[in-house]
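Remarks on the structure that follows.
2 protein chains.
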Amino acid sequence: MKTNKLMRLEAAGWTIGSTEDFLQLNNDEAQMVALKFSLVCAVKKSRIKHKLSQIDLAQRMKSSQSRIAKIEAGDASVSLDLIVRALIASGASTRDIQSAFKTNERACDVALK
Amino acid sequence: MKTNKLMRLEAAGWTIGSTEDFLQLNNDEAQMVALKFSLVCAVKKSRIKHKLSQIDLAQRMKSSQSRIAKIEAGDASVSLDLIVRALIASGASTRDIQSAFKTNERACDVALK
DNA sequence: TGCGCGTATGTCGATATTGACATAAACTAC
DNA sequence: GTAGTTTATGTCAATATCGACATACGCGCA
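Given below as structure tokens:
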């Protein structure tokens, strides 16, 4: 019997698994953030490696310098789409892009400066 | 001296490299499309592998069944963000995600059915 | 000092993307 | 058959994201 307490909980607006869902969501969120971070790092690395200013890169992908700055700053208003576009436009190779998806990257700043 | 013809062209609204930019853009676009395609395939594979219905997956990522359908159909209104979120939520491992970024995947349908 | 260059930050109107919903279609199993 | 399950498609109001612009900051150099 799993009815009694369960039903009371559900009556109160809870469902079984809600905790797991919550944690799962957090975990997924974390993965997403880590992924974005890696890619952002890769963008900056690739841009500098190819000796491009933010303006150069912006022109390449028909965006604006401020967008590039926001990308590299990890601004909340930039999508994964834009990050990956920037990565591609910056001249990163397919291999670079792929390896950027390893989330176990070292801290970005360290590698950059 | 690269001034003469160049200046005339620029006066006409052209800049050097515009053709390259054009091709570059197309190439970047193509890379982006290929990437999305690979990921979409990976989502469907992973979802089925984990025996999830579109509704299940939708609940996991707090989205809707119709969105999942659109994702897997390659609808124009789905962002890379959502695709990757779906991939993560479907239970794909980090390794799965990474390997999904190899653009030289085989056709999706073949593998799926 | 001031000037040029690259970058950071805030704002804003226009556009893209979202979840939700309705509904149809495809497919099983009875 | 039809009832149940899964997936596909269209619509829409709410929100997220966009490029563009202004502007400030840091930094090297004359």
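Going down the list, the protein sequences come from chains G and C.
First residue of the first sequence? That's 1 in this note's numbering, and the numbers climb one at a time after it.
First residue of the second sequence? That's 1001 in this note's numbering, and the numbers climb one at a time after it.
We put the beta carbon where it would ideally sit given N, CA and C, even for glycine.
It should be emphasised that the depicted structure is a prediction, and the values quoted were computed from it without experimental measurement.
Between G/T94 and C/I1097, the alpha-carbon positions lie close to 15 Å from each other. Where G/S66 is concerned, the enclosing alpha helix (DSSP H) starts and stops at Q65 to A73. Interface flag for G/Q98 against chain C is set, since a Cβ pair is found closer than 8 Å.
In this structure, C/V1043 places its C-beta atom within 8 Å of the C-beta atom of C/L1087.
One Cα belongs to G/A58, the other to G/R67, and the distance between them is close to 8 Å.
G/D28 sits away from C/A1100, with the two beta carbons spaced by 8 Å or more. Sequence-distant partners of G/S64 (beyond 5 residues in either direction) whose C-beta falls short of 6 Å from its own C-beta, in its chain, are A58. Using a Cβ-Cβ cut-off of 8 Å, C/S1079 is close to S79, L80 and D81 of chain G, given in chain order. Rounded to the nearest whole angstrom, the C-alpha separation of G/K70 and G/C41 is 13 Å.
In the structure shown, the three-state DSSP call for C/A1100 is coil.
DSSP places G/K44 in the helix class (H, G or I) of the three-state scheme. Residue range L80 to A89 is occupied by the alpha helix (DSSP H) that includes G/V84. The DSSP-derived three-state label of G/K62 is coil.
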